[in-house]
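A.B. asks: Protein chains in written order, with my numbering: chain Z, 76 to 402; chain B, 169 to 438. One structure follows; several queries about it will come next.
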């Protein structure tokens, strides 16, 4: 299989901050790779390198076999970029935005007009196509942004947090569009802070933490790294949390993690049923009141926590409207 | 998938022909003109200040200022034309800083378009906006008693010189907008050099009446030679010396700031 994207030892620092630390990976043609990580992990920096917006300090990156530095213009003609900060012109109509991008992709006028109309219909924007974008909702802007990145029918699509800040229904719609594009053969690299997004869309997931790759694989492979299941205990009274941890710690296959905000203890286990009974008995004997006790498959959140030592979603508090923050 | 496996290796190396570059510039100019037409309030805001200065000097201060050989209204109004296009050019800085912050520049830079098109398209659209502002100030000037005293051709050449000078300064403002990146700061950063050049010149009073230490600077800077040339074109009289100096300044400013702006654009990030 051909690699659509190759990243080879790419490093980038901003002053004292290391944004990317010798990152290497490849994305096969027609597959979806998700870069998963919190703000500041280096996701956007990597997208900016791959879209020729940023020159790496060292290392090489290639898209479709072309070097991002030497063949920048060729790469720009074969990629589509959609960002978390919907980059469409507020004062232009949806159609004018798409036609402008089509013109700048150097398509013939007839072709970009047809494609703009098609893209509007496809993204359910046909009726709003001739209204100025400033009248659009957040979801409509995001769809228009994605539509703009498709006008050139690029074989490689880079999506920087495509659904950050969107409501669940709009997010599902966008996932549907992205899946359609992948079914048509588009290679997609997307960044996300959402586990379920990576799980839903990606063939391969790369966990990025503070500029380096902490883990990579399919979501099942990542979960298997954790081994088995997770015992989840939620105590009623937070004061009981430490006592509960000491009661069940020995039952697990790895050390337990606590989440005081949720009165929660999470314990990786291999022999789920036996541990569940033993834990229930021990906690009951100790007189600790529980809100919840159960065994579940580890989520990618658990995996991220286990790999990096901190949660991916804890820093997921930035609204998408903060403009100039770049990680 | 097979379709793409076939498509990817056949991607052709993208090259930019002059024809495509011109088409890119046209596309961006059209986009910017649409933005100008859809925010007419910004065009009117940009002529409020020249209007106030004009009324101040025409009616409040003109009695106290005597310029030999010319009615003061005919002396001050050409300077106001120049001020209008210089102030108008500040929106170039503002608009580019806004595009940077909104992420439009990132979008443009990720497209296979000509690198120069974003800046050229900006400055070309701003010429049109400047022409509109100038037309308004010319009408205002005629209302307060200004008159053209030379041939139609010479007067049109004078207005053309004003627009050329304004155009040269949009490149200065383009560099300012890309360098400071923040729309508010861009406006402040742009206004300072403009006021120094405008006030320390022959725009409002003859250079000979300025303090001695200021005169060498004032006599030789671009606003002075341009406003002198424009007045001569409107009034008649010797013009060649100031005219070629003004054109030379404009060309030099464009060349220098075009290079600076393109460099800033290449590395631009919000």
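The beta carbon of each residue, even a glycine, is placed where N, CA and C say it ideally should be.
1) Could you confirm whether any beta carbon from chain Z is found closer than 7 Å to the beta carbon of residue 213(B)?
2) Could you tell me the distance, in whole angstroms, from the CA atom of residue 386(B) to the CA atom of residue 330(B)?
3) Please confirm whether residue 264(B) and residue 345(B) have their CB atoms less than 7 Å apart.
4) Given 8 Å as the limit, is there contact between the region 301-319 of chain B and the region 394-402 of chain B, that is, 3 or more CB pairs closer than that?
5) Kindly confirm or deny that the region 217-230 of chain Z and the region 190-197 of chain Z touch, where touching means at least three C-beta pairs closer than 8 Å.
6) Less than 7 Å between CB atoms is the rule here; does residue 188(B) satisfy it with respect to chain Z?
7) Kindly indicate which residue of 189(B), 417(B), 412(B) and 281(B) has the alpha-carbon position closest to the one of residue 334(B).
8) Establish whether the CB of residue 217(Z) and some CB of chain B are separated by less than 7 Å.
9) Could you check if residue 367(Z) is buried or exposed, using at least 16 other CB atoms within 10 Å of its CB as the buried criterion?
10) Would you kindly work out how many angstroms separate the C-alpha atoms of residue 289(Z) and residue 282(B), rounded to a whole number?
11) Measure the beta-carbon distance from residue 303(Z) to residue 260(Z) and round it to whole angstroms, keeping in mind my assumption that it falls under 8 Å.
12) Please state the DSSP three-state secondary structure of residue 419(B).
13) Can you name, in chain order, every residue of its own chain whose Cβ lies under 7 Å from the Cβ of residue 328(Z), other than the five neighbours on each side?
14) Taking all protein chains shown into account, do 16 or more other C-beta atoms lie within 10 angstroms of the C-beta of residue 433(B), making it buried, or fewer, making it exposed?
15) My parser needs the alpha helix (DSSP H) runs of 4 or more residues fully inside the region 167-228 of chain Z; what are they?
16) Taking Cβ-Cβ distances below 8 Å as the criterion, which residues of the region 257-281 of chain B are in contact with chain Z?
17) What's the C-alpha gap between residue 391(B) and residue 371(B)?
18) Residue 439(B): buried (16+ other C-beta within 10 angstroms of its C-beta) or exposed?
19) Counting only C-beta atoms, is residue 148(Z) closer than 7 Å to chain B at any point?
20) For a cutoff of 7 Å on Cβ pairs, would you count residue 434(B) as touching chain Z?
21) For residue 178(Z), which residues in chain B fall below 8 Å Cβ to Cβ?
22) I need the DSSP call for residue 253(B), collapsed to helix, strand or coil.
23) Using a cut-off of 7 Å between C-beta atoms, extract the partners of residue 346(Z) located in chain B.
24) May I ask you to report which of helix, strand or coil DSSP gives residue 328(Z)?
25) Does the Cβ of residue 298(B) have 16 or more other Cβ atoms within 10 Å, making it buried, or fewer, making it exposed?
26) Run through the region 248-314 of chain B for me and flag every whole alpha helix (DSSP H) of 4 or more residues, listed as ranges in chain order.
27) Using alpha carbons as the reference points, say which of 175(Z), 252(Z) and 78(Z) lies closest to residue 199(B).
28) Is the region 338-357 of chain B close to the region 227-238 of chain B, with three or more CB pairs under 8 Å?
29) Any C-beta of chain Z sitting closer than 7 Å to the C-beta of residue 182(B)?
30) Could you check whether the Cβ of residue 281(B) sits closer than 6 Å to any heavy atom belonging to the ligand SAM?
31) Nearest-angstrom Cα distance between residue 324(B) and residue 245(B)?
32) Along the alpha helix (DSSP H) that carries residue 78(Z), what are the first and last residues, could you check?
33) Cα separation between residue 81(Z) and residue 429(B)?
34) Thinking just about the alpha-carbon of each residue, which of 293(B), 241(B), 214(B) and 359(B) is nearest to the one in residue 224(B)?
35) Which of helix, strand or coil does DSSP assign to residue 241(B)?
36) Provide the residue span of the beta strand (DSSP E) that contains residue 340(Z), from first to last.
C.D. replies: Based on what the coordinates show:
1) Proximity of residue 213(B) to chain Z, defined by a Cβ-Cβ separation below 7 Å, is not satisfied.
2) It is roughly 18 Å from the alpha-carbon of residue 386(B) to the alpha-carbon of residue 330(B).
3) A contact, by the Cβ cut-off of 7 Å.
4) Pairwise C-beta distances place the region 301-319 of chain B in contact with the region 394-402 of chain B, as three or more of them are shorter than 8 Å.
5) Output reads yes: the region 190-197 of chain Z touches the region 217-230 of chain Z.
6) Against chain Z, the CB of residue 188(B) has a partner CB under 7 Å away; the residue lies at that interface.
7) Comparing alpha carbon positions, the residue from 189(B), 417(B), 412(B) and 281(B) closest to residue 334(B) is 417(B).
8) When Cβ-Cβ separations below 7 Å define contact, residue 217(Z) makes no contact with chain B.
9) Counting of Cβ neighbours within 10 angstroms places residue 367(Z) among the exposed residues, the total staying below 16.
10) Between residue 289(Z) and residue 282(B), the C-alpha separation is close to 39 Å.
11) Not quite, the Cβ-Cβ distance comes to about 37 Å (not below 8 Å), so this is no contact.
12) Residue 419(B) falls in the helix class under three-state DSSP.
13) So the list reads 302, 303, 343, 344 and 345, once near-sequence residues are dropped.
14) If you draw a 10 Å sphere on the C-beta of residue 433(B), you find 16 or more other C-beta atoms in it, and that means buried.
15) If we require 4 residues or more, the alpha helix (DSSP H) runs fully inside the region 167-228 of chain Z come out as 169-179, 184-197 and 213-225.
16) Within the region 257-281 of chain B, the qualifying residues are 269, 270, 271, 272, 274, 275, 276, 277, 278, 279, 280 and 281.
17) Taking the straight line from one Cα to the other gives about 7 Å.
18) Residue 439(B) is absent from the structure shown; chain B starts at 169 and stops at 438.
19) Yes, residue 148(Z) lies at the interface with chain B (some Cβ there is under 7 Å from its Cβ).
20) Taking 7 Å as the CB threshold, residue 434(B) stays off the interface with chain Z.
21) Going along chain B in sequence order, the residues near residue 178(Z) (Cβ under 8 Å) are 191, 192 and 195.
22) Residue 253(B): helix per DSSP, three-state reduction.
23) Listed along chain B is no residue with a C-beta nearer than 7 Å to that of residue 346(Z); the closest approach is about 41 Å.
24) The DSSP-derived three-state label of residue 328(Z) is coil.
25) Buried is the call here.
26) Counting only runs of at least 4 residues, the region 248-314 of chain B fully encloses the following alpha helix (DSSP H) elements, listed from N- to C-terminal order: 272-277 and 285-311.
27) Checking every option, the nearest Cα to that of residue 199(B) belongs to 175(Z).
28) No, the region 338-357 of chain B is not in contact with the region 227-238 of chain B.
29) True, the Cβ-Cβ gap to chain Z drops below 7 Å.
30) Annotation note on the ligand SAM: not contained in the displayed structure, which lists no ligands.
31) Rounded to the nearest angstrom, the two C-alpha atoms are 15 Å apart.
32) No alpha helix (DSSP H) holds residue 78(Z); the beta strand (DSSP E) holding it covers 78-89.
33) One C-alpha to the other measures close to 32 Å.
34) The option with the nearest alpha carbon to residue 224(B) is 241(B).
35) DSSP, reduced to helix, strand and coil, places residue 241(B) within a helical segment of the structure shown.
36) Where residue 340(Z) is concerned, the enclosing beta strand (DSSP E) stretches over 339-344.
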